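Novice:
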């Protein structure tokens, strides 16, 4: 169990709460030392003086005795030990500090007990006559609706914590918006310009982020325009080369077939370049079911007699998806499985209710890929040539990763324990 929060919101509130607690303790100690303690001492001195005045010296025995005229005026009452118990001595609370101060004032060991109520009743066992208990009422000492100091502490605590919550929430709102926008940029999307609000430091950071996001968008647009222009310019000479190869004599058909094969490879590489820079995030999100996309993709492949796809689709809920983009993911995974794996593949799907995650996988029965080569395959222009004899530009898996990232998901490649490679796509529907 974590005691200290990791978020800035939790840490700030905890810091304010600790400082407030320290302030309350210091306030309580200060009030006790500078206000309560002097008042207690003053009351103790007053009571001790009244008790001293109630005792007069007996002329015969030269010992102090109580004079009724004096203690009746002060509204004192005198009880023996047994009478004091009957009148509530056992229910009175003893106070060591008061007893110590009273002993100093009366010049001998004394006991002080207090019965709370209205009025407060002070019980004093004087050293002049330890066999008696003197009660002195203190009218008005316990009056009032609660403790002013307690009310003050509660009000200060509520206002401080409430103010800190408002302040930290206002501070965290632009930070949360900045975090969400940064995640969108990481998924290849371009968020709208953030509202510049908060402290001057946050405004400066937000302004810098907006400029960075605008620059990234411009770079993406320039790259797409450049790639489209290069692709367009390359297709014209490729078409002329294809037409020229058609004019070769029949005894040079082997040259013609090689040229056509190379042209097809170059066209495929150009298409991959276009797919990689395609702005798939511009496609609108719509409610759909991934199982339906899988079935559509499999149906398009059924025309190939030498390829066989086995489905194991479990019920999954609908979610917001980019249908065309995810269809491209499925087509690429299926094409890779057939091209580099085997003629028989398996496609599974399912739903992890606990983590609110959809998933689907494509498995082939080919040679697989060495584990130390898998991690880098999602980088652009990286191929798994060592194990599967890849052709093309090496952008296929990079395209898949970009599309899956846009759906707040991730994709993994793992070798099956028995044989083949499994490409598994996870999509978080709670994001």
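Residue numbers (the numbering used here): 256 to 686.
Think of the CB as a built atom: it goes at the ideal place given N, C-alpha and C, for glycine as much as any other residue.
Bear in mind the structure is a predicted one, so any value in this text is a computation, not a measurement.
#1: Quick one, are the C-beta atoms of residue 563 and residue 598 less than 8 Å apart?
#2: May I have a chain-ordered list of the alpha helix (DSSP H) segments no shorter than 4 residues that lie completely inside the region 326-356?
#3: With distances taken from CA atoms, which of 600, 434, 542, 581 is nearest residue 561?
#4: Enumerate in chain order the residues of its own chain whose CB-to-CB distance from residue 582 is below 8 Å, with the five nearest sequence positions on each side excluded.
#5: Could you give the distance in angstroms between the alpha-carbon of residue 633 and the alpha-carbon of residue 676?
#6: Using a threshold of 8 Å, state whether the C-beta atoms of residue 379 and residue 391 are closer than that.
#7: Count the C-beta pairs between the region 262-277 and the region 289-308 that are closer than 8 Å, then say yes if the count reaches three, no if not.
#8: Measure the CB-CB distance between residue 387 and residue 335 and report whether it falls below 8 Å.
#9: Compare the C-alpha of residue 602 against each of 608, 588, 369 and name the closest.
#10: Helix, strand or coil for residue 453? Go by DSSP, reduced to three states.
#11: In chain order, what residues of the same chain have a beta carbon less than 7 Å from the beta carbon of residue 330, not counting five sequence neighbours either side?
#12: With C-beta atoms as the reference, is residue 593 less than 8 Å away from residue 545?
#13: Is the separation between the beta-carbon of residue 496 and that of residue 580 shorter than 8 Å?
#14: Roughly how many whole angstroms lie between the Cα atoms of residue 669 and residue 626?
#15: Is the beta carbon of residue 304 less than 8 Å from the beta carbon of residue 357?
#16: Since residue 605 contacts residue 573 with CB under 8 Å, what's their CB separation in whole angstroms?
#17: Look at the alpha carbon of residue 501 and the alpha carbon of residue 522, and state the distance between them as a whole number of angstroms.
#18: Assess contact between the region 422-437 and the region 459-471, defined as three or more Cβ pairs (one per stretch) separated by less than 8 Å. Is contact present?
#19: How would you label residue 469, buried or exposed, when you count the other beta carbons within 10 angstroms and need 16 or more for buried?
#20: Select from 347, 684, 674 the residue whose C-alpha is nearest the C-alpha of residue 624.
#21: Just how far apart, CA to CA, sit residue 269 and residue 419?
#22: Extract the residue ranges of the alpha helix (DSSP H) inside the region 533-594, only unbroken runs of 4 or more that lie entirely within it.
#23: State the CB to CB distance for the pair residue 361 and residue 307, rounded to an integer number of angstroms; the pair is presumed to be in contact (CB under 8 Å).
Specialist: Considering the structure as presented:
#1: Position 308 of the chain shown, counted from the first residue, corresponds to residue 563. Position 343 of the chain shown, counted from the first residue, corresponds to residue 598. Against a cut-off of 8 Å, the Cβ pair of residue 598 and residue 563 comes out as a contact.
#2: 336-341
#3: By 1-based counting over the chain shown, the position of residue 561 is 306. Looking at the Cα atoms, 600 is the closest of the given residues.
#4: Residue 582 sits at position 327 when you count from the first residue of the chain shown. The residues are 548, 551, 552.
#5: In the chain shown, residue 633 corresponds to position 378, counting from 1. In the chain shown, residue 676 corresponds to position 421, counting from 1. Residue 633 and residue 676: Cα-Cα distance of roughly 15 Å.
#6: For the purposes of this step, residue 379 is taken as the residue at position 124 of the chain shown. For the purposes of this step, residue 391 is taken as the residue at position 136 of the chain shown. In this structure, residue 391 lies closer than 8 Å to residue 379 by Cβ.
#7: no
#8: Position 132 of the chain shown holds residue 387. Position 80 of the chain shown holds residue 335. Contact flag set, yes.
#9: Here residue 602 corresponds to residue number 347 of the chain shown, with the count starting at 1. Of the listed residues, the one whose Cα sits closest to residue 602 is 588.
#10: Your numbering for residue 453 matches position 198 in the chain shown. Residue 453 falls in the coil class under three-state DSSP.
#11: Locating residue 330 in the chain shown gives position 75, where the first residue counts as 1. Closer than 7 Å at the Cβ level, and outside the excluded window around residue 330, lie 392.
#12: The residue you call residue 593 lines up with position 338 of the chain shown. The residue you call residue 545 lines up with position 290 of the chain shown. Taking 8 Å as the Cβ cut-off, residue 593 and residue 545 do not qualify as a contacting pair.
#13: Start at 1 with the first residue of the chain shown, and residue 496 comes out as number 241. Start at 1 with the first residue of the chain shown, and residue 580 comes out as number 325. No.
#14: Position 414 of the chain shown, counted from the first residue, corresponds to residue 669. Position 371 of the chain shown, counted from the first residue, corresponds to residue 626. Those two C-alpha atoms are separated by around 8 Å.
#15: For the purposes of this step, residue 304 is taken as the residue at position 49 of the chain shown. For the purposes of this step, residue 357 is taken as the residue at position 102 of the chain shown. Not a contact, by the Cβ cut-off of 8 Å.
#16: Residue mapping note: residue 605 aligns to position 350 of the chain shown, counting from 1. Residue mapping note: residue 573 aligns to position 318 of the chain shown, counting from 1. The Cβ separation is near 15 Å, so there is no contact.
#17: On the chain shown, residue 501 is found 246 positions in, with the first residue counted as 1. On the chain shown, residue 522 is found 267 positions in, with the first residue counted as 1. Residue 501 and residue 522: Cα-Cα distance of roughly 18 Å.
#18: yes
#19: What you label residue 469 is simply residue 214 of the chain shown in a count that begins at 1. Burial call: exposed.
#20: By one-based count along the chain shown, residue 624 stands at place 369. The option with the nearest alpha carbon to residue 624 is 674.
#21: Here residue 269 is taken as the residue at index 14 of the chain shown, counted from 1. Here residue 419 is taken as the residue at index 164 of the chain shown, counted from 1. The alpha-carbon atoms of residue 269 and residue 419 are separated by roughly 10 Å.
#22: 545-556
#23: Against the chain shown, residue 361 aligns to sequence position 106. Against the chain shown, residue 307 aligns to sequence position 52. Yes, they are in contact, since the Cβ atoms of residue 361 and residue 307 sit about 7 Å apart, within 8 Å.
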